[in-house]
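Heads up: take any position in the sequence shown, counting from 1, add 1, and you land on the numbering used here.
Every residue, glycine too, gets a C-beta built ideally from N, C-alpha and C.
Here's the structure we're looking at; comments come further down.
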Amino acid sequence: GISVVALFDHEEVGSDSTTGAGGPLLEHLLERVAASLGKSRGEYLTMLPKSACLSCDNAHAVHPNYQERHDHKHAPFINQGVALKTNSNQRYATSAASAVSFLSACESAGVSHQTFFSRNNMPCGSTIGPITATRLGIDTVDVGVPQLSMHSAREVCGVGDAVDLPKIARAFLRG
């Protein structure tokens with residue numbers, strides 16, 4: 002298979018730009034890669050639903066001063082594993098099938114994970130996962146390293162989680 006790492010601009014302001022996840026860059030790039038391999042447009046379109054995407058962002062860890070912002074049965078804590086992120090309103094792109102792929106990657110990599118469900122009675126941010134999943138029709142799993150004080154001048158995460166994420170990504174890409 003073909004492995005691609007895609008990094009986008011403007012994620013914090015909505016991703017709607019020519020170089021953001023909402024733009025055509027990834028879609029066009031993937032089609033050009035397929036064409037360079039001698040694939041027709043039809044074959045390219047057939048490849049997309051057989052593909053998988055690991056959308057990596059961060060996850061809001063339980064902050065000691067704002068514990069009520071999380072459901073403690075499904076809240077991410079620092080240094081307890083990379084978080085599998087789900088949301089009933091599809092603010093994260095994780096599906097049952099993509100979650101299984103992530104869990105298999107964690108097992109293959111020999112690392113722990115945790116599951117994050119955002120509270121359904123509070124607004125939730127999003128990632129580029131739903132954007133690229135919608136544009137391309139690729140099954141996507143949203144994951145992240147839990148961190149405190151997201152978007153502040155001093156974001157804090159656990160070293161163990163930061164070390165484990167690349168291990169998971171390698172295992173995920175190997176399938």
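Close-in-space but distant-in-sequence residues of the same chain around residue i (CB under 7 Å, 5 per side omitted)
i      : result
Ala172 : Ala106, Ser109, Ala110
His75  : Thr116, Phe117, Phe118
Glu32  : Tyr45
Ile169 : Val83, Ala106, Cys107, Ala110, Val112
Ser18  : Asp10, His11, Gly24
Gln177 : The displayed coordinates of the chain run from 2 to 176. Any statement about residue 177 would go beyond what the structure contains.
Pair within 8 Å by beta-carbon distance, residue i and residue j
i      : j      : result
Phe103 : Asp72  : no
Ser4   : Thr141 : no
Cys54  : Ile132 : no
Val143 : Gly159 : Per the sequence shown, the amino acid found at residue 143 is Asp instead of Val. Not a contact, by the Cβ cut-off of 8 Å.
Met48  : Ala35  : yes
Asn80  : Gly145 : no
Pro147 : Ala62  : yes
Thr20  : Leu26  : yes
Ser16  : Ala7   : no
Arg42  : Met123 : no
Exposed unless 16 or more other CB atoms sit within 10 angstroms - verdict on residue i
i     : result
Gly46 : Looking at the sequence itself, residue 46 is Leu, so the reference to Gly does not match. The residue in question, Leu46, is exposed, as its Cβ has fewer than 16 Cβ neighbours within 10 Å.
Ala60 : buried
Option nearest residue i by Cα separation, candidates the options
i      : options                    : result
Pro65  : Cys54, Phe78, Ala170       : Phe78
Ser153 : Glu13, Ala170, Gly39       : Glu13
His29  : Ala60, Arg136, Ser96       : Arg136
Asn121 : Ala98, Ser89, Ala97, Ser96 : Ser89
Ala98  : Met123, Pro50, Arg92       : Pro50
Ser52  : Gly2, Tyr67, Leu38         : Gly2
Contacting residues, own chain, Cβ-Cβ under 8 Å from residue i (five flanking each side not counted)
i      : result
Ser150 : His64, Glu156, Val157
Ala100 : Leu85, Thr87, Val142
Lys40  : Met48
Ala163 : Val146
Residues of its chain near residue i, where Cβ-Cβ distance is below 6 Å and the 5 sequence neighbours each way are ignored
i      : result
Gly126 : none
Asp58  : Thr128, Gly145
Asp165 : Val83, Val112
Ala134 : Ala94, Thr141
Leu174 : Ser4
| said: Taking 8 Å as the cut-off, does the region 75-85 touch the region 113-129 (at least 3 CB pairs, one atom from each stretch)? | reply: In this structure the region 113-129 touches the region 75-85; the number of beta carbon pairs closer than 8 Å is three or more.
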